[in-house]
Amino acid sequence: MYSFLPSVPMLTVIYVVAITAEAMSGALAAGRRNMDIFGVAVIAFVTALGGGTIRDILLGRFPVGWTQHPEYVYLVVFAGLLTIVGASYMRRLKHVFLVLDAMGLIAFSLIGCNAALEMDYPIVVAIMSGMITGISGGILRDVLCNQVPVVFRRELYASVSLFACILFLSLRELGVEADINTAVTFASGLVLRLMAIWGGWKLPTFSYQQRWD
Amino acid sequence: MYSFLPSVPMLTVIYVVAITAEAMSGALAAGRRNMDIFGVAVIAFVTALGGGTIRDILLGRFPVGWTQHPEYVYLVVFAGLLTIVGASYMRRLKHVFLVLDAMGLIAFSLIGCNAALEMDYPIVVAIMSGMITGISGGILRDVLCNQVPVVFRRELYASVSLFACILFLSLRELGVEADINTAVTFASGLVLRLMAIWGGWKLPTFSYQQRWD
Amino acid sequence: MYSFLPSVPMLTVIYVVAITAEAMSGALAAGRRNMDIFGVAVIAFVTALGGGTIRDILLGRFPVGWTQHPEYVYLVVFAGLLTIVGASYMRRLKHVFLVLDAMGLIAFSLIGCNAALEMDYPIVVAIMSGMITGISGGILRDVLCNQVPVVFRRELYASVSLFACILFLSLRELGVEADINTAVTFASGLVLRLMAIWGGWKLPTFSYQQRWD
Numbered sequence: 001m002y003s004f005l006p007s008v009p010m011l012t013v014i015y016v017v018a019i020t021a022e023a024m025s026g027a028l029a030a031g032r033r034n035m036d037i038f039g040v041a042v043i044a045f046v047t048a049l050g051g052g053t054i055r056d057i058l059l060g061r062f063p064v065g066w067t068q069h070p071e072y073v074y075l076v077v078f079a080g081l082l083t084i085v086g087a088s089y090m091r092r093l094k095h096v097f098l099v100l101d102a103m104g105l106i107a108f109s110l111i112g113c114n115a116a117l118e119m120d121y122p123i124v125v126a127i128m129s130g131m132i133t134g135i136s137g138g139i140l141r142d143v144l145c146n147q148v149p150v151v152f153r154r155e156l157y158a159s160v161s162l163f164a165c166i167l168f169l170s171l172r173e174l175g176v177e178a179d180i181n182t183a184v185t186f187a188s189g190l191v192l193r194l195m196a197i198w199g200g201w202k203l204p205t206f207s208y209q210q211r212w213d
Numbered sequence: 214m215y216s217f218l219p220s221v222p223m224l225t226v227i228y229v230v231a232i233t234a235e236a237m238s239g240a241l242a243a244g245r246r247n248m249d250i251f252g253v254a255v256i257a258f259v260t261a262l263g264g265g266t267i268r269d270i271l272l273g274r275f276p277v278g279w280t281q282h283p284e285y286v287y288l289v290v291f292a293g294l295l296t297i298v299g300a301s302y303m304r305r306l307k308h309v310f311l312v313l314d315a316m317g318l319i320a321f322s323l324i325g326c327n328a329a330l331e332m333d334y335p336i337v338v339a340i341m342s343g344m345i346t347g348i349s350g351g352i353l354r355d356v357l358c359n360q361v362p363v364v365f366r367r368e369l370y371a372s373v374s375l376f377a378c379i380l381f382l383s384l385r386e387l388g389v390e391a392d393i394n395t396a397v398t399f400a401s402g403l404v405l406r407l408m409a410i411w412g413g414w415k416l417p418t419f420s421y422q423q424r425w426d
Numbered sequence: 427m428y429s430f431l432p433s434v435p436m437l438t439v440i441y442v443v444a445i446t447a448e449a450m451s452g453a454l455a456a457g458r459r460n461m462d463i464f465g466v467a468v469i470a471f472v473t474a475l476g477g478g479t480i481r482d483i484l485l486g487r488f489p490v491g492w493t494q495h496p497e498y499v500y501l502v503v504f505a506g507l508l509t510i511v512g513a514s515y516m517r518r519l520k521h522v523f524l525v526l527d528a529m530g531l532i533a534f535s536l537i538g539c540n541a542a543l544e545m546d547y548p549i550v551v552a553i554m555s556g557m558i559t560g561i562s563g564g565i566l567r568d569v570l571c572n573q574v575p576v577v578f579r580r581e582l583y584a585s586v587s588l589f590a591c592i593l594f595l596s597l598r599e600l601g602v603e604a605d606i607n608t609a610v611t612f613a614s615g616l617v618l619r620l621m622a623i624w625g626g627w628k629l630p631t632f633s634y635q636q637r638w639d
């Protein structure tokens with residue numbers, strides 16, 4: 001049995017906020033596909049907890065996190081269903097959402113890094129574990145909603161996760177104390193993500209239209 | 214090593230009927246996408262045994278069920294290929310199919326519940342294990358056929374699985390003997406599902422068309 | 427801990443060539459969806475190493491192969507990104523690619539068979555393990571790029587994997603020495619695949635357009 005959340009209490013709070021925000025983003029995506037309330041609940045669950053689930057399975061880290069934390073299951077399903085009622089008000093909260101989502105991305109990334117380090121995986125696996133935790137919930141959401149994952153085309157998003165993981169692991173290597181490391185990485189990642197949204201920064205895209213294979 | 218099927222012999226028979234019916238539904242979906250016979254066999258396999266596979270992986274329950282029961286692999290691949298030959302006759306059997314599929318849904322749900330209980334997972338995980346076993350084969354089928362999973366939009370289906378799991382666990386809590394519990398849950402779930410088909414009962418849907426995130 | 431690659435050094439070389447070729451095919455698919463460079467790297471990774479990952483998880487074979495071989499992760503990401511630069515030259519190399527891809531298919535299949543045999547799974551599971559290793563990277567690529575997997579509709583491809591697995595296991599049963607077995611299976615599979623491409627051999631397809639379920 002492993003600790004599912006790092007000891008930093010602040011990160012736990014942010015994690016709970018993050019899965020709530022992710023559940024809501026899943027519910028809105030389900031609504032765009034006219035799903036029924038069950039579909040909304042499933043997509044909310046998968047978006048919020050799917051990234052951690054894929055990470056746990058890939059790392060061979062059983063039991064999977066949420067199976068030991070039923071309260072998170074209730075929370076994300078409830079948040080998804082609440083979104084149905086509140087959807088018309090949410091547009092006004094767009095900016096709040098983007099900040100919550102950015103906080104969630106970085107919290108997920110740090111938690112994913114930690115999970116792999118606790119199991120003595122190599123550094124590159126810790127980085128990938130962080131990114132997988134951060135982005136694959138959204139990828140599952142998009143696959144189940146039958147669209148190309150937005151994370152592969154949006155403003156800097158996965159790159160922010162990568163940046164946060166590398167910064168966290170570098171400061172750790174330099175002997176920076178865990179709580180300070182977490183705070184510095186969190187703040188830097190958040191600023192980078194918000195600047196990317198504000199400036200519309202994107203990675204270069206690769207367009208290739210020839211069909212020959 | 215865990216028992217893959219519950220001890221109730223009737224449930225085993227229903228399970229075999231169910232995976233056969235699910236394999237056939239997978240083969241028809243593959244035919245709608247003009248797949249070759251290999252694709253038909255894969256979709257048949259995934260539809261019939263994919264739900265149990267996802268459940269076993271999520272629960273960390275290795276070896277995965279079908280790897281210890283090659284006869285089920287042969288059965289579902291054979292059923293899938295037979296569907297190619299018999300597809301033109303199947304339309305007349307529509308009502309038989311719907312009943313078999315409903316029986317399968319509930320058998321899968323009870324088997325999934327049991328699997329999680331045997332491993333001492335919390336109750337909410339047992340319910341989710343039942344639903345995952347019941348519906349995720351069909352979700353995989355739809356994702357591989359590049360469409361939004363019908364289970365998120367159809368008449369009461371996942372809800373029937375949820376109902377059966379909750380009824381089963383409640384009666385178990387009340388001390389009802391296992392075989393009686395299974396029979397009662399099975400009959401109740403089947404009636405609910407057939408009434409839902411007959412009456413066209415659906416869950417309310419959530420439609421949300423704004424794009425702002 | 428299990429050996430990730432068979433002892434035959436030739437197969438290791440072919441494996442490295444194969445994951446490189448698969449990574450490039452993934453990158454081109456990502457380019458057709460106008461993904462950013464991060465998306466290209468992810469699809470390259472998933473196409474090249476996703477088949478082995480799914481196999482390892484299904485077999486309960488932890489830690490998953492690539493987590494113990496960071497060099498493969500670097501290789502496939504690098505190959506994917508290099509493809510962005512070199513895409514315009516690649517059309518001329520079409521025939522080279524098809525041969526590399528065919529070699530990879532068979533190498534993956536033999537490695538997958540071996541992995542299941544080492545864990546004492548039944549023969550049918552070894553065959554499926556070989557096919558899953560061979561084809562599911564491409565299936566993941568196509569699902570993430572939101573299209574029906576080409577492997578279900580293309581010229582003999584999965585069938586070649588099936589043929590190679592059965593031949594390999596039959597010769598093994600007959601007591602043929604491992605290196606000779608590998609060489610014979612490899613050559614036979616490669617010839618079959620290249621003849622299928624050259625002759626445009628396809629499996630019969632199943633077209634079913636009625637909607638009634």
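Chains as they are written, first to last, in the working numbering: chain H, 1 to 213; chain C, 214 to 426; chain U, 427 to 639. The C-beta atom is built at its ideal place from N, Cα and C for all residues, glycine as well.
Between T473(U) and G563(U), the C-beta spacing is below 7 Å.
With respect to the C-alpha of E155(H), the residue from L190(H), L203(H), L167(H) having the closest C-alpha is L203(H).
The beta carbon of M248(C) sits closer than 7 Å to some beta carbon of chain U.
D249(C) has T631(U) as its beta-bridge partners, per DSSP. For E544(U), the secondary structure class from DSSP, reduced to helix, strand or coil, is helix. Each residue's CA atom was taken as its position, placing G486(U) and I297(C) some 33 Å apart.
Contact between the stretch 353-372 of chain C and the stretch 143-158 of chain H is established, with three or more Cβ pairs separated by less than 8 Å. In the DSSP assignment, E497(U) is bridged to no other residue. Near chain C, meaning a CB-to-CB distance below 8 Å, the residues of the stretch 452-484 of chain U are I483, L484. The CB of N359(C) comes closer than 9 Å to the CB of N146 in chain H, given here in chain order.
In this structure, A470(U) lies away from G512(U), with their beta-carbon atoms at least 7 Å apart. For V522(U) and A164(H), the gap between their C-alpha atoms comes out near 40 Å. Just so you know, the alpha carbons of S170(H) and I123(H) end up roughly 10 Å apart. Beta-bridge annotation (DSSP): E581(U) is paired with K628(U). Nearest to G278(C) by C-alpha distance, out of Y370(C), T395(C), G264(C), is G264(C).
Proximity of chain U to K94(H) at the Cβ level (cut-off 8 Å) is not reached, the minimal Cβ distance being about 23 Å. P276(C) has a beta carbon lying at 7 Å or more from every beta carbon in chain H. For the pair L167(H) and Y208(H), the Cα-to-Cα distance works out to about 33 Å. Against chain H, a Cβ distance below 9 Å from R366(C) picks out R33, N34, M35, D36, G39. Residues of the stretch 108-119 of chain H with a C-beta atom less than 8 Å from some C-beta of chain U do not occur.
In its chain, beyond the 5 residues on either side, D142 have a beta carbon closer than 8 Å to the beta carbon of V148(H). For R354(C), the enclosing alpha helix (DSSP H) begins and ends at 336-357.
Rounded to the nearest whole angstrom, the C-alpha separation of C539(U) and I553(U) is 6 Å. Taking 7 Å as the cut-off between beta carbons, the residues of the stretch 494-522 of chain U near chain H are P496, V499, I510, A513, R517, K520, in sequence order. Not flagged as an interface residue toward chain U: T133(H), since no C-beta distance is shorter than 7 Å. Within chain H, the residues placing a beta-carbon under 8 Å from that of L416(C) are D36, I37, F38, ordered along the chain. Interface criterion not met: the Cβ of A102(H) is under 7 Å from no Cβ in chain U. Secondary structure at G273(C): coil, using DSSP grouped into helix, strand and coil. In this model, R598(U) and V468(U) are separated by some 37 Å (Cα to Cα).
Of all alpha-carbon atoms in Y121(H), L117(H), L105(H), the one lying nearest the alpha-carbon of T133(H) is that of L105(H). Only residues of its own chain outside the window of five on either side were considered, and among them G465, V466, I469 have a CB closer than 6 Å to the CB of A456(U), listed in chain order. If the five residues before and after V503(U) are omitted, its C-beta is found closer than 8 Å to the C-beta atoms of A449, A467, A470, F471, all from its own chain and listed in chain order. Secondary structure of P435(U) (DSSP, three-state): helix. G530(U) carries a helical assignment under DSSP once its states are collapsed to helix, strand and coil.
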